[in-house]
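The structure under discussion appears below in the form of structure tokens.
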Amino acid sequence: ARDVLVTPDELPAVLARLRGEDPPEDDVPAAVPGPPPVPADPYGPDAVTAQFDGYEVVEAEGGDEDAWGLTGRD
Numbered sequence: 059a060r061d062v063l064v065t066p067d068e069l070p071a072v073l074a075r076l077r078g079e080d081p082p083e084d085d086v087p088a089a090v091p092g093p094p095p096v097p098a099d100p101y102g103p104d105a106v107t108a109q110f111d112g113y114e115v116v117e118a119e120g121g122d123e124d125a126w127g128l129t130g131r132d
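In terms of our numbering, the sequence shown opens at residue 59 and continues consecutively.
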């Protein structure tokens with residue numbers, strides 16, 4: 059079965075639009091309300107990121123060193 063996105067009340071207006079006709083005024087649905095506003099951050103501040111506030115960011119040098127390279131194998 060396919061999802062039907064038109065309610066039975068809206069069907070005459072939708073069929074009229076598909077035929078290229080203007081839908082009857084009484085069948086035109088009222089403006090659909092938009093989605094409710096989403097809160098900025100529902101979980102609050104990020105505790106993991108906050109614990110590092112104030113520390114200097116240091117990047118490691120010699121980025122080619124990994125576990126395989128430390129074994130001495132090629």
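Built from N, CA and C at the ideal position, the CB exists for glycine as well. Since the model is a prediction, treat every value here as computed from it, not as a measurement.
Runs of alpha helix (DSSP H) wholly within the region 59-88 (minimum 4 residues, chain order) | Taking only runs of at least 4 residues, the alpha helix (DSSP H) segments lying wholly in the region 59-88 are 69-76.
Tell me whether Gly-112 sits in a helix, a strand or coil according to DSSP, three-state version.
-> Looking up residue 112 in the sequence shown gives position 54. Coil at Gly-112, not helix or strand.
Consult DSSP for Asp-107 and reduce its assignment to one of helix, strand or coil.
-> Taking the sequence shown and counting its residues from 1, the one referred to as residue 107 is at position 49. One detail in the question is off: residue 107 reads as Thr in this sequence, not Asp. It is helical.
Helix, strand or coil for Gly-130, going by three-state DSSP, please let me know.
-> The residue labelled residue 130 in the question sits at position 72 within the sequence shown. Coil, per DSSP.
Whole-number beta carbon distance between Pro-81 and Ala-89, since they are thought to touch under 8 Å = The residue you call residue 89 lines up with position 31 of the sequence shown. The residue you call residue 81 lines up with position 23 of the sequence shown. About 15 Å separates the two Cβ atoms, so there is no contact after all.
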